[in-house]
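In the numbering used here, the protein residues as written are 1 to 103.
Just so you know, even glycine gets a beta-carbon here, dropped at the ideal spot from N, CA and C.
Everything numeric in this text was worked out from a predicted model, so none of it was measured.
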Amino acid sequence: MEFFVRVPLNKPSTVEVRYDCACGCKPRARFERGSSQAGFEHCCCGRVHFVGDEAVPQLEVYLRDRRTSGKDSRSYALSQYQVTAPWGPVPVAFGTPDQLNVH
Ligand SMILES: [Zn+2]
Ligand SMILES: [Zn+2]
């Protein structure tokens, strides 16, 4: 899994992390240094990534909420990665559902 890390113009404390999804999309998520909130994108195909210091627990909560609210009953395989921001390592959590949507 390869992630591309970019610092947006005039936002030196933010990273944008994207990957080339197998469905053809390029999902991206932003994280601001020190924020308690991970950024995320849930791709049209069902894959989802969270970027931030709390990426792993926040992805788990997000998927649990979708399950309990009946929005998404799929089960997800979770993996954990790390990217390098200008200020140091940032966790990336990645979920792949057992059934993918068509792009
Ligand atoms: Zn996708
Ligand atoms: Zn797509």
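Practice item. Please confirm if residue 25 has its CB atom under 8 Å from at least one CB of chain B. Key: In the structure shown, chain B does not exist; there is a single protein chain.
Review point. Is residue 47 near ligand 1, judged by its Cβ being under 7 Å from some heavy atom?
Key: yes
**Study point:** Beta-bridge partners of residue 77, as assigned by DSSP
**Key:** 96
Point to revise | Member of 80, 84, 62 and 83 whose CA lies at the smallest distance from the CA of residue 74 | key: 62
Review point. With respect to the alpha helix (DSSP H) encompassing residue 61, which residues constitute its N-terminal and C-terminal limits?
Key: 55-68
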